[in-house]
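This report refers to the structure that appears directly beneath it.
Protein chains in written order, with our numbering: chain A, 15 to 125; chain B, 28 to 143.
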């Protein structure tokens, strides 16, 4: 299974943009890149996913490198409610669609 | 606002007792996942169902854990007998898989299990 590497933690100031990096150098052509986040004492929630092109939704943007070996989740204006653990996950459509969860990045938002 | 529900939310039991956790997936979803989360291991996939059929339970200790979907509205995870090392938060998630694009997984609030 392809693996992802993320920093253990990051800090950002409230109302500033946040760029959360993820390396996935062993990604295969059929792997989708997923991002989920887990707020304290809650279950994980979906944030965004993509395959090759950059993606935007109401929560965030996903920038995927041209070689697909890395990606960046962008929160355009972080709030205190965005403090969570962010998981970058690869999902192989040729397998049983399993999500292989890493340790994630703990995002700390400073007021 | 459709949500995955899980019961109980908290369970404290003694070693050796049977524990049953229940999950109601979002109506219309055809995939169900059971995860376990601990501080040491993070999130681990225990079992995965599609259209009520088990597709993967390789992450589940076979001797004591069992997962079933008696019908499309109920998924169960049973531990018998329970052990202290089973203490964790157990999450259920559901999704709608078309087979072409990855389905978004919607997680329930979890069951916090403590085995004494």
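Don't be surprised by glycine CBs; every beta carbon is placed ideally from N, CA and C.
Here the structure is a predicted model, which is why all the values come from computation and not from measurement.
Helix, strand or coil for residue 34 (chain A) per DSSP? Correct three-state label for residue 34 (chain A): strand.
Rounded to whole angstroms, what's the CA-CA distance from residue 27 (chain A) to residue 99 (chain A)? Just pull it up for me. The straight-line gap from Cα to Cα measures roughly 16 angstroms.
Runs of beta strand (DSSP E) wholly within the segment 85-125 of chain A (minimum 3 residues, chain order): DSSP runs (the beta strand (DSSP E)) wholly in the segment 85-125 of chain A: 98-106, 119-124.
Counting only the same chain and skipping the five closest in sequence on each side, list residues whose C-beta sits under 8 angstroms from that of residue 103 (chain A). Closer than 8 angstroms at the Cβ level, and outside the excluded window around residue 103 (chain A), lie 18, 47, 48, 49, 50, 113, 114, 115, 116.
Check the Cβ-Cβ distances between residue 51 (chain B) and every residue of chain A, and say whether any is below 8 angstroms. No, because no Cβ of chain A sits closer than 8 angstroms to the Cβ of residue 51 (chain B).
Would DSSP call residue 63 (chain B) helix, strand or coil? Looking at residue 63 (chain B) - three-state DSSP - the assignment turns out to be strand.
So what does DSSP say about residue 35 (chain B), is it helix, strand or coil? In the three-state reduction of the DSSP assignment, residue 35 (chain B) falls in the coil class, being assigned neither a helical nor a strand state.
Leaving out five residues on either side along the sequence, give the residues of the same chain with a beta carbon under 8 angstroms from the beta carbon of residue 55 (chain A). Within the same chain, no Cβ atom closer than 8 angstroms to the Cβ of residue 55 (chain A) is found once the five residues on either side in sequence are excluded.
So, under 8 angstroms CB-CB, residue 86 (chain B) and residue 104 (chain B) are touching, yes? Tell me the CB distance rounded to an integer number of Å. Residue 86 (chain B) to residue 104 (chain B), Cβ: 12 angstroms. No contact.
Alpha-carbon spacing of residue 110 (chain B) relative to residue 143 (chain B), whole angstroms: Roughly 8 angstroms between the two C-alpha positions.
Pairwise C-alpha distance: residue 138 (chain B) and residue 118 (chain A): When rounded, the distance between both Cα atoms is 21 angstroms.
Euclidean distance between Cα positions of residue 65 (chain A) and residue 102 (chain B): So the alpha carbons of these two residues sit roughly 31 angstroms apart.
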